[in-house]
Amino acid sequence: MLDVPISNNEDNNAIQRTWAPEGVKVEKKDVLSHHEVLLRLDGYDPERGTKVVGHRGYFLKQWGVFLNQALINYGLEYLSQKGFTPLQTPQFMLKDYMGKTAQLEQFDEELYKVVDGEPQNDKYLIATSEQPISAFHADEWIIAKDLPIKYAGFSTCYRREAGSHGRDAWGIFRVHQFEKVEQFVLTDPEKSWEMFDEMFETSEGFYKSLGLPYQVVAIVSGALNNAAAKKFDLEAWFPFQGEYKELVSCSNCTDYQWYV
Numbered sequence: 005m006l007d008v009p010i011s012n013n014e015d016n017n018a019i020q021r022t023w024a025p026e027g028v029k030v031e032k033k034d035v036l037s038h039h040e041v042l043l044r045l046d047g048y049d050p051e052r053g054t055k056v057v058g059h060r061g062y063f064l065k066q067w068g069v070f071l072n073q074a075l076i077n078y079g080l081e082y083l084s085q086k087g088f089t090p091l092q093t094p095q096f097m098l099k100d101y102m103g104k105t106a107q108l109e110q111f112d113e114e115l116y117k118v119v120d121g122e123p124q125n126d127k128y129l130i131a132t133s134e135q136p137i138s139a140f141h142a143d144e145w146i147i148a149k150d151l152p153i154k155y156a157g158f159s160t161c162y163r164r165e166a167g168s169h170g171r172d173a174w175g176i177f178r179v180h181q182f183e184k185v186e187q188f189v190l191t192d193p194e195k196s197w198e199m200f201d202e203m204f205e206t207s208e209g210f211y212k213s214l215g216l217p218y219q220v221v222a223i224v225s226g227a228l229n230n231a232a233a234k235k236f237d238l239e240a241w242f243p244f245q246g247e248y249k250e251l252v253s254c255s256n257c258t259d260y261q262w263y264v
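When you line the sequence shown up against my numbering, it's residues 5 to 264, in that order.
Listed below in structure tokens is the structure:
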């Protein structure tokens with residue numbers, strides 16, 4: 005297990021490794037950005053999206069819809085072949101359960117609240133399928149021989165992104181609604197770090213299969229939330245911008261969510 009970089013400055017995130025398909029140069033290129041490609045294919049309409057939704061709203065159309073659905077299906081099939089059970093989750097949660105998995109700052113900066121008359125009926129739109137999956141086995145006894153339990157979570161995710169104004173303002177970045185497929189594993193405490201490595205290896209294999217150059221970054225201690233003992237990001241290379249941008253995060257939460 006590699007050490008977590010000790011720092012409050014994310015500039016000190018530690019690059020662990022990089023990968024690119026043979027013959028592909030990782031360099032800034034004079035090419036179209038992803039949103040310009042989608043616009044030319046008539047697969048993306050940000051102007052009408054902003055009109056209907058507001059800040060960072062968008063519609064996917066035709067080939068944009070087909071591409072999004074194809075990637076979702078491919079991701080679910082890929083994880084299914086790795087022994088994960090696909091699980092499509094609810095899109096909102098009761099406050100009691102959300103409070104056991106989300107961080108306090110998420111309620112202020114990230115989560116949308118759904119008010120339904122009585123306070124006890126208030127719900128929160130999920131920011132990730134991890135949140136409802138963490139409560140899936142709440143109040144149940146899990147037998148050790150049944151571990152690990154692997155889920156391929158799929159959901160629409162909702163994020164206010166209140167603290168990200170001015171960052172990645174173009175294209176489909178830091179939007180308020182998107183679909184996501186992710187790994188969620190319940191495992192023996194003594195094997196959690198082994199499973200962490202296995203999960204990230206699965207993530208790398210998926211993006212290698214798509215031929216996307218990437219780097220793996222260990223996140224500094226000051227950027228970890230209360231749940232994560234360690235977090236790696238997988239950042240793909242965007243040639244138009246000439247920089248790596250985050251696609252995947254993988255955290256070991258150890259026993260943080262065991263009491264949900």
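Glycine included, every Cβ here is placed at the ideal spot set by N, Cα and C.
Here the alpha carbon of P90 sits roughly 34 Å from the alpha carbon of P9. In this structure, R60 places its C-beta atom within 8 Å of the C-beta atom of R178.
Y62 and Y248 have their C-alpha atoms some 23 Å from each other.
With contacts defined by Cβ atoms closer than 8 Å, A156 and Q187 form a contacting pair. Closest in alpha carbon position to K33, among A131, V252, W241, is W241. Of the residues assessed, K235 falls on the buried side of the cut-off, its CB having 16 or more other CB atoms within 10 angstroms. If you look at S159, you'll find it in the beta strand (DSSP E) that goes 153-162. At a Cβ-Cβ threshold of 8 Å, E205 and Q219 do not count as neighbours.
Assignment of beta strand (DSSP E) within the region 187-241, counting only whole runs of 3 or more residues, yields 218-222 in chain order. With at least 16 other beta carbons inside 10 angstroms of its own, P136 counts as buried. In the three-state reduction of the DSSP assignment, T105 falls in the helix class, which pools H, G and I. In the pairwise beta carbon analysis, the region 109-124 is classified as not touching the region 63-79: fewer than three pairs are separated by under 8 Å. Inter-residue distance for L190 and C161 is about 22 Å (C-alpha atoms, whole angstroms). DSSP places Q95 outside both helix and strand once states are collapsed to three, so it counts as coil.
A Cβ-Cβ separation of about 5 Å places A233 in contact with N256 under the 8 Å criterion.
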